[in-house]
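In what follows, a structure is listed as structure tokens, so that the remarks can point back to it.
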Amino acid sequence: MSTDEIIDLTSRHVMNTYARQPVAFVRGKGCRLWDAEGNEYLDFLAGIAVCGVGHAHDGVAKAVADQAKRLLHTSNLYHIPPQSLLARELCRISFADKVFFCNSGMEANEAAIKLARKYSLKRFGEGRTEIITAEHSFHGRSLGTLAATAKYHRQDHFAPLAPGFIHVPWDDVAALASAISDQTCAVLLEPVQGEGGVNVPAPDYLRQVRALCDQRNLLLILDEVQTGMGRTGKWFAYEHFGIAPDIMTLAKALGSGVPIGACLATDEVAAAFEPGDHATTFGGNYLASVAGLATIEAMREEELLANAAERGRQLSEGVLALQASYEAVSNARGLGLLRAFDVTGDRAPAVQEACFKRRLIVIALGTYGIRLAPPLVVTKADCDEALAIIDDSLQAVLS
Ligand SMILES: Cc1ncc(COP(=O)(O)O)c(C=O)c1O
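If you count by this note's numbering, then the sequence shown holds residues 1418 to 1816, one letter each, in order.
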């Protein structure tokens, strides 16, 4: 099928919920994608921070293909060997003791919200159900996680949302402290906000939030759906801030593109869940779990944490240099391979478009910024190439 035929089919038969670029990719390898006409693109988005080990990774492809020939699904009525192994690996690389598996980031956050409320009910009795989240956060699009998400622009179209969420200014410990009441059971934050602008907090913010949660007997839930699995140069972004949460959520890069989400917790907190409290048919099935195991193995073998940190430094320096050359570019920021910069005059979509014409995939943050989130396998030469294309695109748009 040609690109035009694919676009025509999509517009006739797929619900119109995405503003799609006029391209259809049919093949990928590492940081490269090819469209239906055979054009090659450099991917600095990685399926929105999903394809950490790169496209068509040999180890992940083999694990998924081999598993598909043996057994794909039985349900969680039975034990699932690769799920048990993946849970052990996730606990080995994180603060957690136990894992609940699901299929997406939104579902992982739903599980975290339910777990926090159930833990609070068991430990402190009724009445503590409120969860504090931050402005500019993004936690998903179910009626619960949309309510947890502060000020998402279409929330009012879907009212009534789930009650029980309070939003406070981001990176402001005093505001958070003053929002805590007898009804509060947990604080839910992204350690670095992704969709809300790639906002890195002050170095001591999360430590202060952790201390506040301890003082007030609140659970700290960290949403690492976007920042987890090495994106920031460590397995999890919380490691940069010298703290650990009580509950953490993952999805995106965990399965390298095979849908999987996870809610991780300490033994003490996880014990609040009993059989029947939470479930999902596909959660942690054979296919998703082998993809997760192969992803972790590839990350270890290819030392992708170190690469993410090193290439992150390169991109940071490169974007700072662009900021020095263009008055319209500001606010270079990020951690590891989750980075962004702002472009004045609502010109970010034009910059995204100019990059796309030059076959570099980046994504605009609203109209004000550009986000970069390449696969963690990105090379020095890939980063040099991407920075040169961004430079050229900025020149075209800003001159
Ligand atoms: C921090 C964060 N949490 C949750 C989600 C929702 O994940 P999903 O789209 O898999 O439901 C996202 C998606 O972008 C995210 O960035």
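Idealized CB from N, CA, C, for every residue including glycine.
The Cβ-Cβ distance between R1776 and L1459 falls below 8 Å.
The straight-line gap separating the alpha-carbon atoms of D1799 and G1762 is approximately 29 Å. For L1560, the closest C-alpha among the options I1549, A1567, F1575, T1546 is that of F1575. Counting only the Cα atoms, T1698 lies some 23 Å from D1514. By the 16-neighbour rule on beta-carbons within 10 angstroms, D1621 is exposed.
Note that the C-beta distance between S1554 and G1469 is not below 8 Å.
Comparing alpha carbon positions, the residue from I1530, S1816, A1689 closest to T1550 is I1530. Short note on I1465: C-beta closer than 7 Å to some heavy atom of ligand 1. In the structure shown, A1688 adopts coil according to DSSP, grouped into three states.
Note that the C-beta distance between I1583 and L1623 is not below 8 Å.
Remark: the shortest separation between the CB of F1555 and any heavy atom of ligand 1 falls under 7 Å. At a cut-off of 7 Å, the beta-carbon of A1738 does not count as near ligand 1: no heavy atom of the ligand is closer than that. The beta carbon of I1597 lies closer than 6 Å to those of R1633 in the same chain, with the five residues before and after it left out. The region 1654-1672 makes no contact with the region 1731-1738: fewer than 3 CB pairs, one atom from each, lie closer than 8 Å. The Cβ atoms of G1674 and L1503 do not sit closer than 8 Å to each other. Ranked by Cα distance from L1793, the options V1609, P1498, R1648, C1680 are led by R1648. DSSP, read as helix, strand or coil, puts T1712 in helix.
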